[in-house]
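Inspection log for the structure reproduced underneath, given as structure tokens.
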Amino acid sequence: METRNNHGLIQALLDCALACEHCASSCLKKEDINMMIDCIKLDRDCADICTQAARLLQRDSIIGHQYLLLCEEICRLCAAECGKHDHEHCRQCAVACEECADACHASHEPINQD
């Protein structure tokens, strides 16, 4: 996986990480924080995994592909959790997570050579 071919994917990973961090920080400011615990946990996990995946891709790591599988999974879980909440930051995070999951998925789909 060459870095120059992964610029869009790396950007999606970093955008998702930022959206997740923003969502987690915003959730921590809510009055009923107990309702947001799962969201905060998934946001933080997703941000960490997306950030690490971007680093691995940037340096053409041999485990980058395997890490993207994990990244796709955590992004979908985070998007589903954020989708349960009626907050703008959760909506934005869910969108960023879905876009990132789709980008991760597309990166490991076989290329049609017809």
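For reference, each letter of the sequence shown is one residue, going 209 to 322 in our numbering. Where is the CB? At the ideal position from N, CA and C, for every residue including glycine.
Rounded separation between residue i and residue j - CA only
i: LEU217; j: HIS316; result: 11 Å
i: CYS283; j: CYS298; result: 13 Å
i: ASP322; j: CYS286; result: With a pLDDT of only 46 at ASP322, under the threshold of 50, the placement of this residue in the model should not be trusted; the figure read from the coordinates follows. Looking at the two C-alpha atoms, the distance is approximately 36 Å.
i: GLU239; j: SER269; result: 42 Å
Short Cβ contact (8 Å threshold) for residue i with residue j
i: ASN214; j: LEU278; result: no
i: CYS373; j: ALA261; result: In the structure displayed, the chain extends from 209 to 322; residue 373 sits before or after that span and is not available.
i: ARG252; j: ALA232; result: yes
Close Cβ partners of residue i (< 7 Å) along its chain, the five nearest in sequence each way excluded
i: GLU289; result: ASP246, CYS247, LEU250
Cβ neighbour criterion (16 or more within 10 Å) applied to residue i
i: GLU280; result: buried
Close-in-space but distant-in-sequence residues of the same chain around residue i (CB under 8 Å, 5 per side omitted)
i: ASP223; result: ALA304, GLU307, CYS308
6 Å CB neighbourhood of residue i in its chain, flanking five on each side removed
i: SER312; result: Looking at the sequence itself, residue 312 is Cys, so the reference to Ser does not match. LEU276, CYS279, GLU280.
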